[in-house]
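Peer 1: I am attaching a structure below and will ask some questions about it afterwards.
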Amino acid sequence: MLGFTSAAYAQQMPRNTVDVPSSSGSTENVDFADVDNDGDWDAVFADGGDAGNDQSKIWINAFNGGDPVGKFTNRTTTQFPALQQQSRDIEFVDYDSDGDQDIYLSNTSAISNQTNRWWNNMGSQAGTIGFYQDQTATRWSGLGGAGSSVPPSILIAGGFVDFSCDCDFGDIDNDGDLDLFHSTYGGAFNGNAPSRIFLNNGAGVFAEFNPGGGQLTGIDITPGAPAIWAQGTQSTNTTNSTGVNADVASSALDIDLGDIDGDFDLDILHGARQELPRMFKNRHSDTGTLAFRDVTGSTFTGAYSTGDGHYEQEMGDQDNDGDLDIYGLNWLQGSFSFTDAIYKNTGTGTFTAAVALSGSGADDNEGDYIDYDLDGDLDLFIANFNGQERMYRNDGVGNYALQTTGVVVPSDSTTSLDADECDVDNDGDPDVFVANDNGASEWYLKNSTALNDVTAPTFPTVEQAANRTAGPSATVVRCAIRDNAAYYITWYNTNRLDVTVNGGPVTSYPVSMMQGDLFRAVIPGNLVGTICYQFVSSDKYGNTGTSVQRCYTSTGGSTGTPFCFGDGSGTACPCANSGAAGNGCASSIFANGANVAATGNPSLSSDTVVLTGTNMPNSSALYFQGTNQANAGNGSAFGDGKRCAGGSIIRLGTKINAANTSSYPQGGDLAISVRGAIGAPGTRTYQAWYRNAAAFCTADTFNLSNGLEIVWAP
C-alpha cells in the first residue's frame, strides 16, 4: 500500500484561500459545470436550507482577462436571479438540449411554502451565456390537473409546495432527453410525502409520470394508495419485490441514478434518513414500457442498514469489476455512533452484506468519489457535519484505508454539508470544494500532487443491437462509461460512436449522456448490410478509451419517400398493351407501376445510396436528380408520363434494365456517388426515364417512374 507522509507530500490537499471569493451563509450544496462554455469549471452553491431564506451563489472561473484558471469571481448579483430561498440542492442540467448548462434548485417549505425552481441559461435564447433567468412557471406541464398526483390544494405560483433536498436527472425512458426524479423528505422529516418522476417532452417542459393517474388529497400519500410511478400500492418499508407493493415515500435526503443490473436502464437508489434506503428497478428494457418496481427486499442482504441519520449514499465501481457498488453514509448506527459502509455488487444488481468503513463513526454528511492520488481507482472524500473531513484511499479492489488527518486533508472544525470534486485549475488532478453551514466560508482544497491523470475511460457494458430490417426508425445503442472520477465528471467527456457498413469507411455519430453511468447513441435505421459500431470516449486530459466492437445485420428496407403517382390514386401503375408503363397511365386498376426506390444512408458522410428501378421495360433507363417536387409533386406532362423531379436537374447515369420472368421486366440498380451528385445537405428528388418496349406498351414512346424524395443529412 502506498503511504503518504508529511515529509513526502507536506499536505496534499491544503486549503486555498487566495483563489476564491470570501463567502458566508448557510450553504447546503455545491455543483460544477462550464456555464459559459469557455473550457473551465465554474461553481454554484445552494444556500438557505433549514436556516432560512438565502441567496444561492455562482462563482465564475477565470472571469477577468488576466485571471489564471482556478481563480474564481463571485458573479451572483449579475448572473443569478435575485431570489431568497430555502435551497438544499442545486443541479446542473441541460434540460432543453440547447448546449448550455441550466440549473434546477431543490427548495424546502420548512419555514414558508416554496417550490423547486428552474433557472434557464440564456446563452442559446437571445441572452448572454452563463446568465440565468427563472422560468419555473413555464417548465411544468399539467401540475394539479388530470394525470397529475399533485393536488390543486398544494399548488403555488410556478409549482407546488414540497420539502425537497435532492433531485437528479437522467434519461429514464430512453428517448434522448433528461427526465427529472424529484425526491422529498416530507414535512418535519416525516417521510410521508412521495417522490415523483417528471418526463421531459424534449424541449424542457416536464409532465408527471403517473401511470395510474391517481391524485393525492394533500402533501402525503396514504398506505394502500397506488404508488404513483412505481408498480403496486404504497406500503411503508415493504420488502415485497414482485410489484404488489412499493414504498415511494421516505425521508429522502439523497437519491442516485445508475444501472445496477447491466440492462442499460437507469435504476433508482432511493435514500431515506430514518427509514431503510430503497432500490427501484427500471423495467423499460424488460417490458418495452417505462415501469419501476420496488426491489429493495431482493436487492439487499439482511440488516443492511440500521438506525437513522442515513443522509447520503453514492454509487461507483469501487473494485473495478465492471458493476456499480454502493457507499452508504451513516447507513449503520451503533450506540451513539454512525458508521459508513461499503456494499459490493454481485454482478446481477444485488449487493453483499455491509462492510463497515474503518475509521468512520462520526456524523458524516456527504461522501464523494475522487481519485486524489491518480492511481486509477475511486478513493473517497467525506465531508463531516461535526468537523473533520476525511480521505480514504482505495487499494484498487475496493478496500478503503483512512489517511492520516493533516497529511492529505487539513484539520477542520466546520459544519460541512456537501463536497464535490473536479480539476478546477486544469493542472491534471482533482480538487475539492466543500459547502459549509453556519456562516462559514466555502473551502477550496487544492490538490498539490505532481502527478497527472493518465487513466483512460472504460466501457464495462455495451448494448448489443438486434438484427433488423432497414427502415425509418433508428437503432439506439447504449453503454456505460466509467473513469477514475465521480460520475458527474465523466458526463463531460468527449464521446462518439464509430460506425461502419460492410467494413467500409467509419462514420461517427454523437453520443449523449443519459446521466447516471449511461450514454446513448443513435444509428440511422436505413443502413443496409453488416453494421458494426464501437464507442470512443476521451477525458479532458486526452486519455482515450475504445469499447468492444459490436455488429448487427440490417436487411432490405427502403430510403426516401415516394411521390408523384400519375393516376392520382397513390399507386403508380403499369401499362396495358395499349397504354404506357410508368406514372402516366389513366386508369387506377393496375396495382404496380414503374418505380424507383433507394436503399442506403442518406448522409454526406456516407459513400453511396443505391437507386433501384422496377417494373420497367427491357431497355435503358436514365436516372436523374432534382432539387424539388415539380409542380408541388403533381408533375408536368413529359412524353407519356410526368416529370416530377424538378428544380436543378443533374443526370446521374444510365443503366441497362435486365429482363426477368415476371410480367414486367425488372429495372437495374445504379450506385449514386454522394460526393459527385449531392453537394450540400438538403432535399433531393429522383426519377428514372426510359423507353417503352413494344412487347409491353406502345412502341417508340418514353415514360418516367414515380418520384422519390430523399432528405440528405450532413
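The working numbering applies: residue 110 is where the sequence shown begins, and numbers increase by one. Just so it is clear, CB atoms sit at the ideal spot from N, CA and C, and this is done for glycine as well.
Are the region 595 to 603 and the region 642 to 657 touching by the rule of at least three beta carbon pairs closer than 8 Å?
Peer 2: yes
Peer 1: If contact is defined by three or more beta carbon pairs under 8 Å, each pair taking one atom from either stretch, is the region 811 to 822 in contact with the region 665 to 672?
Peer 2: yes
Peer 1: If I measure Cβ to Cβ from I328 and keep anything under 7 Å in the same chain, skipping five residues before and after, which residues do I get?
Peer 2: Taking the sequence shown and counting its residues from 1, one reaches residue 328 at position 219. Same-chain partners within the cutoff: I263, V270, G296, A302.
Peer 1: Distance, Cα to Cα, I435 vs D374?
Peer 2: Residue numbering aside, residue 435 sits at position 326 when the sequence shown is read from its first letter. Residue numbering aside, residue 374 sits at position 265 when the sequence shown is read from its first letter. Straight-line measurement puts the Cα of D374 at about 17 Å from the Cα of I435.
Peer 1: Please classify R392 as buried or exposed, where buried requires at least 16 other C-beta atoms within 10 Å of its C-beta.
Peer 2: Here residue 392 corresponds to residue number 283 of the sequence shown, with the count starting at 1. Looking at its Cβ environment, which holds 16 or more other Cβ atoms inside 10 Å, R392 is buried.
Peer 1: In chain order, which beta strand (DSSP E) runs of at least 3 residues are fully inside the region 566 to 597?
Peer 2: 567 to 571, 584 to 591
Peer 1: According to DSSP, what are the bridge partners of T126?
Peer 2: Residue numbering aside, residue 126 sits at position 17 when the sequence shown is read from its first letter. Partner(s): none; T126 has no beta bridge.
Peer 1: So, helix, strand or coil for N545, using DSSP?
Peer 2: As a position in the sequence shown, residue 545 is number 436, starting the count at 1. In the structure shown, N545 sits in a strand (DSSP, three-state: E or B).
Peer 1: Which of helix, strand or coil does DSSP assign to D282?
Peer 2: Within the sequence shown, residue 282 is the residue found at index 173, counting from 1. In the structure shown, D282 sits in coil (DSSP, three-state: anything other than H, G, I, E or B).
Peer 1: For the region 364 to 410, which segments carrying the beta strand (DSSP E) assignment without a break, of at least 3 residues, lie completely within its bounds, in sequence order?
Peer 2: 364 to 367, 376 to 379, 387 to 391, 401 to 403
Peer 1: DSSP has I640 in a bridge; who is on the other side?
Peer 2: Numbered from 1 along the sequence shown, position 531 holds the residue referred to as residue 640. For I640, which the question treats as bridged, DSSP gives the partners V610, Y661.
Peer 1: Can the beta-carbon of V455 be found closer than 8 Å to that of S469?
Peer 2: Mapped onto the sequence shown, residue 455 falls at position 346. Mapped onto the sequence shown, residue 469 falls at position 360. Contrary to the premise, residue 455 reads as Thr rather than Val in this sequence. No; because the gap between Cβ atoms is not below 8 Å, this pair is not in contact.
Peer 1: Sort out for me which residues DSSP pairs W228 with in a bridge.
Peer 2: Start at 1 with the first residue of the sequence shown, and residue 228 comes out as number 119. According to DSSP, W228 bridges with I212, D243.
Peer 1: By Cβ distance below 6 Å, which residues in the same chain neighbour Y596 in space, the five residues on each side in sequence not counted?
Peer 2: Residue numbering aside, residue 596 sits at position 487 when the sequence shown is read from its first letter. Once the five neighbours on either side are set aside, the close Cβ partners of Y596 are D626.
Peer 1: Quick one: grab the DSSP three-state call for S522.
Peer 2: Sequence index remark: in the sequence shown, residue 522 carries index 413 (1-based). The answer is coil: DSSP assigns S522 none of H, G, I, E or B.
Peer 1: Starting from Q188, follow the alpha helix (DSSP H) in both directions and report where the run begins and ends.
Peer 2: Locating residue 188 in the sequence shown gives position 79, where the first residue counts as 1. Its alpha helix (DSSP H) spans residues 185 to 188.
Peer 1: Less than 8 Å between the C-beta atoms of P633 and N710, yes or no?
Peer 2: Taking the first residue of the sequence shown as 1, we reach residue 633 at position 524. Taking the first residue of the sequence shown as 1, we reach residue 710 at position 601. Yes, Cβ-Cβ distance for P633 and N710 is below 8 Å.
Peer 1: Got a sec? Which residues, its chain only, sit under 7 Å from V314 by beta carbon, not counting five neighbours each side?
Peer 2: Your numbering for residue 314 matches position 205 in the sequence shown. Non-local beta-carbon contacts of V314 in its own chain, meaning distances under 7 Å to residues more than five positions away in sequence, involve R248, S250 in chain order.
Peer 1: Helix or strand or just coil, what does DSSP make of A630?
Peer 2: Within the sequence shown, numbered from 1, the residue matching residue 630 stands at position 521. The answer is strand: DSSP assigns A630 an E or B state.
Peer 1: I'd like the list of long-range same chain contacts for V518, defined as Cβ closer than 6 Å, with 5 residues on each side in sequence excluded.
Peer 2: Numbered from 1 along the sequence shown, position 409 holds the residue referred to as residue 518. Counting only Cβ-Cβ distances below 6 Å, and skipping sequence neighbours, we find M122, E498, M500.
Peer 1: Between N222, F644, S663, G665, which has its C-alpha nearest T655's C-alpha?
Peer 2: For the purposes of this step, residue 655 is taken as the residue at position 546 of the sequence shown. Taking only the C-alpha atoms, the option nearest T655 is F644.
Peer 1: Which value, in whole angstroms, describes the spacing of the CA atoms of L378 and D607?
Peer 2: As a working note, residue 378 is residue 269 in the sequence shown. As a working note, residue 607 is residue 498 in the sequence shown. Near 32 Å, if we compare the C-alpha coordinates of D607 and L378.
Peer 1: Which first and last residues belong to the beta strand (DSSP E) in which T708 is found?
Peer 2: Within the sequence shown, residue 708 is the residue found at index 599, counting from 1. Counting along the chain, the beta strand (DSSP E) containing T708 begins and ends at 704 to 709.
Peer 1: Taking the beta carbon of I220 as the centre, do at least 16 other beta carbons fall within 10 Å, making it buried, or is it exposed?
Peer 2: Residue 220 sits at position 111 when you count from the first residue of the sequence shown. The residue is exposed, with fewer than 16 neighbouring Cβ atoms inside 10 Å.
Peer 1: Return the Cβ separation of A589 and P569 in integer angstroms, given the expectation that the two are a contact with Cβ distance under 8 Å.
Peer 2: In the sequence shown, residue 589 corresponds to position 480, counting from 1. In the sequence shown, residue 569 corresponds to position 460, counting from 1. Indeed, because the Cβ distance is near 5 Å, the residues count as touching under 8 Å.
Peer 1: By a C-beta neighbour count over all protein chains shown, 10 Å radius and 16 as the cutoff for buried, is R760 buried or exposed?
Peer 2: Your numbering for residue 760 matches position 651 in the sequence shown. Exposed is the call here.
Peer 1: Taking N593 and T558 to be in contact with their CB atoms under 8 Å, please state how far apart those CB atoms are, rounded to whole angstroms.
Peer 2: Within the sequence shown, numbered from 1, the residue matching residue 593 stands at position 484. Within the sequence shown, numbered from 1, the residue matching residue 558 stands at position 449. Incorrect: roughly 13 Å between the Cβ atoms, too far for contact.
Peer 1: Buried or exposed: which applies to P539, given that a residue is buried once 16 or more other Cβ atoms fall within 10 Å of its Cβ?
Peer 2: If you number the sequence shown from 1, residue 539 lands on position 430. The residue in question, P539, is buried, as its Cβ has 16 or more Cβ neighbours within 10 Å.
Peer 1: Note down, in chain order, each residue of its chain lying with its Cβ closer than 8 Å to the Cβ of D472, except the 5 sequence neighbours on either side.
Peer 2: Within the sequence shown, numbered from 1, the residue matching residue 472 stands at position 363. In the same chain as D472, and ignoring 5 residues on each side of it, the C-beta atoms closer than 8 Å to its own belong to G418, N439, F447, N493, F494, N495, in chain order.
Peer 1: Does any residue of chain B have a CB that is nearer than 8 Å to the CB of V506?
Peer 2: Absent here is chain B; the protein component of the structure consists of one chain.
Peer 1: At which residues does the beta strand (DSSP E) containing V357 begin and terminate?
Peer 2: Counting from one through the sequence shown, the residue named residue 357 turns up at place 248. Counting along the chain, V357 falls outside any beta strand (DSSP E), and DSSP gives it neither H nor E.
Peer 1: If you reduce the DSSP assignment to three classes, tell me which class F298 lands in.
Peer 2: For the purposes of this step, residue 298 is identified with residue 189 of the sequence shown, where counting begins at 1. Residue state, collapsed to three classes: helix.
Peer 1: Would you tell me roughly how many angstroms separate the C-alpha atoms of S182 and N216, rounded to the nearest one?
Peer 2: In the sequence shown, the residue the question calls residue 182 occupies position 73. In the sequence shown, the residue the question calls residue 216 occupies position 107. Sequence check: residue 182 is Thr here, not Ser. T182 and N216: Cα-Cα distance of roughly 25 Å.
Peer 1: If you compare alpha carbons, which of R629, R659, N611 is closest to A636?
Peer 2: The count along the sequence shown starts at 1 and reaches residue 636 at position 527. Here residue 636 turns out to be Leu, not Ala, going by the sequence shown. For L636, the nearest C-alpha among the options comes from N611.
Peer 1: Going straight from the alpha carbon of T283 to that of D370, what length do you get?
Peer 2: Mapped onto the sequence shown, residue 283 falls at position 174. Mapped onto the sequence shown, residue 370 falls at position 261. One detail in the question is off: residue 283 reads as Asn in this sequence, not Thr. Near 16 Å, if we compare the C-alpha coordinates of D370 and N283.
Peer 1: Have a look at A119 and L483 and give me their C-alpha separation to the nearest angstrom.
Peer 2: Your numbering for residue 119 matches position 10 in the sequence shown. Your numbering for residue 483 matches position 374 in the sequence shown. Using only the alpha carbons, I get a separation of about 17 Å.
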